[in-house]
Structure formats: C-alpha cells, structure tokens
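Here the UniProt record's numbering is used: the first residue of the sequence shown is 1, the next is one more, and so on. Don't be surprised by glycine CBs; every beta carbon is placed ideally from N, CA and C. Here is the structure we will look at.
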Amino acid sequence: MARGKAPDDKHTETLVTAKRLPKAPAIDIDHVLQVAADLFAEHGFDGLSTREIAKACGCRLPSIYYHFGNKETLYREAFSNKLEDTIDEIQRQVDDSASPEEKVRQMVAAFFSLFTQDRTLLLLVQRDIAEVSLPNRQFLCRQQHVFFLRYIRDLASEALGRTADPNTVFIINGMLLGYCEFYNLVQEAGEKLPGESNETRLASLQEAVLKLLRD
C-alpha cells in the first residue's frame, strides 16, 4: 500500500543486510510474516526470540536473518504488512461519493468488523502502543499509526466542516480500539448482553463517534 508505507523502501534494509550474509534457502515470506505477526501479538517484541520464530515457521534461523536481517526488521515487516492491508481494506469500504457522516459510519463499520474478527491485528496494535511506554523505546511502526490517525483526521474534518483538532482524532482512535477490545473480552468470557447483537453494538459505536463530532 503505497499511501501507508514509509517514504523509504521497507525492503532496503533487508536487501542491504542480505548482501552481507551467505545465501540461505528460500522461504515462504508470507507464511513467515503471518506466523511472526501471531507470535508478536501473543508474546510482544521482547517476549520471544528470533530462534523461536524460526522454529514456529519451520525454517532455519539463518534463513530468517538472511531475509530480514534482525528481529526488529521482522517485527516491522510483520506489523506493517498486517496494518497496511487493514488500512487498505478500510479505505475500500468507504465510499468516496458518500456524505461526510456516512463516510465516518463506513469507516467505523469497517474498523469494527476487521478488529473484532482478527484478534492478532488488535493485539499487535495494542502491544505496539503499550510497549512504547517502556524506557528507551519508541513506536516500531510509527509510520502506520500516524497514517491511520491522519485518515481519521481527514474523515472527521470533512464531517465537521473544519480541521479536526488532535484531541478529537485521538479520542476517536481510542474509542474504536477500546470498543473492539471490550467486545473481544466479552466474547472470550462467553458473556452475552440481553437483546444485543453485533448490529446494535456497531450502531452504538457509530453514533458515539458521530455524537463526538456533533457536540
């Protein structure tokens, strides 16, 4: 996804590193990125080793280093691949010809659908946000976070008829993530609120976001 990627080619570091390493057997890159995303979501960046990732992928450790260079590059690749595909899908589900408020509704609906159906996606985003608070750490995938915040800002600004202030953008992003997390917790606990369905939950979330923009 060209719009969501960092200005530099995300494969540059991998290619430069690869030139310094002996040739390793070919591996299924998509499979490695998916397995790595699941593991990072479950254990966090510091919660597992590159060796453990290689074992889970069914490949040799040198192959991981050959194709990705180091664990941080693999994390960036796995996260950005997951999030950029998600942002692409959200944008595809927003009709450019719709009214500003309807675009917000469609964005919220797409976000709700994707983040409640894919636990790995939600956990990856949460872990990247949580781990940035650790000493000497920064967002490993800052570019993707910033891109999505700007996308929210643009939709909110169109609905408001003026540039949305940063606090409004942060609140909307927090509402979306928090609501999807609560949804998953309720589902995992086997709870079901009387008279509620995914449709009514989504409608409530959409109205809450629009109310914030109207007030």
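Nearest candidate by alpha-carbon position, reference L149, set F111, T120 and E102: As a first step, residue 149 is located in the sequence shown; it is residue number 149 there, counting from the start. Taking only the C-alpha atoms, the option nearest L149 is F111.
Cβ-Cβ separation, R162 to A41 (assumed contact under 8 Å), whole Å: Numbered from its first residue, the sequence shown carries residue 41 at position 41. Numbered from its first residue, the sequence shown carries residue 162 at position 162. With a Cβ gap of about 37 Å, A41 and R162 do not count as contacting.
Endpoints, alpha helix (DSSP H) assigned at A56: Along the sequence shown, one-based indexing puts residue 56 at 56. It spans T50 to C57 - the alpha helix (DSSP H) in which A56 sits, taken as one unbroken run.
Through-space distance from E102 to A159, alpha-carbon basis: Along the sequence shown, one-based indexing puts residue 159 at 159. Along the sequence shown, one-based indexing puts residue 102 at 102. CA-CA distance, A159 to E102, rounds to 9 Å.
Start-to-end residues for the alpha helix (DSSP H) that takes in I27: For this step, residue 27 is matched to residue 27 along the sequence shown. No alpha helix (DSSP H) holds I27; DSSP gives it neither H nor E.
Pairwise C-alpha distance: L39 and L176: As a first step, residue 176 must be located in the sequence shown, where it is residue number 176. As a first step, residue 39 must be located in the sequence shown, where it is residue number 39. Cα-Cα distance, rounded: 23 Å.
Straight-line gap, L48 to S63 (C-alpha atoms, nearest Å): As a working mapping, residue 48 is identified with position 48 in the sequence shown. As a working mapping, residue 63 is identified with position 63 in the sequence shown. Taking the straight line from one Cα to the other gives about 17 Å.
N81 burial status per 10 Å Cβ neighbour count (16 or more: buried): Looking up residue 81 in the sequence shown gives position 81. Buried, because 16 or more other Cβ atoms sit within 10 Å of the Cβ of N81.
Reduced DSSP secondary structure (H/G/I, E/B, other) of D215: By 1-based counting over the sequence shown, the position of residue 215 is 215. Three-state DSSP puts D215 in coil, outside helix and strand.
Coil, strand or helix - T116 by DSSP: Locating residue 116 in the sequence shown gives position 116, where the first residue counts as 1. Looking at T116 - three-state DSSP - the assignment turns out to be helix.
Under 7 Å between C-beta atoms of A56 and V35: As a position in the sequence shown, residue 56 is number 56, starting the count at 1. As a position in the sequence shown, residue 35 is number 35, starting the count at 1. Result yes, Cβ atoms of A56 and V35 sit closer than 7 Å.
Environment of I29 [buried if 16+ CB atoms lie within 10 Å]: On the sequence shown, residue 29 is found 29 positions in, with the first residue counted as 1. The residue in question, I29, is exposed, as its Cβ has fewer than 16 Cβ neighbours within 10 Å.
Rounded Cβ spacing between L114 and I129 (contact assumed at less than 8 Å): Translated into positions along the sequence shown, residue 114 becomes position 114. Translated into positions along the sequence shown, residue 129 becomes position 129. Not really, about 17 Å apart at Cβ, beyond 8 Å.
Beta-carbon proximity list for N70, same chain, < 7 Å, skipping 5 on both sides: As a position in the sequence shown, residue 70 is number 70, starting the count at 1. None.
Separation of E72 from A98, as counted between CA atoms: Start at 1 with the first residue of the sequence shown, and residue 98 comes out as number 98. Start at 1 with the first residue of the sequence shown, and residue 72 comes out as number 72. Annotation: A98 to E72 spans about 40 Å, alpha carbon to alpha carbon.
CB of V108 within 7 Å of CB of Q187, strictly: Against the sequence shown, residue 108 aligns to sequence position 108. Against the sequence shown, residue 187 aligns to sequence position 187. No, Cβ-Cβ distance for V108 and Q187 is not below 7 Å.
C-alpha gap between D215 and S157, whole angstroms: If you number the sequence shown from 1, residue 215 lands on position 215. If you number the sequence shown from 1, residue 157 lands on position 157. Computed Cα separation, rounded: 14 Å.
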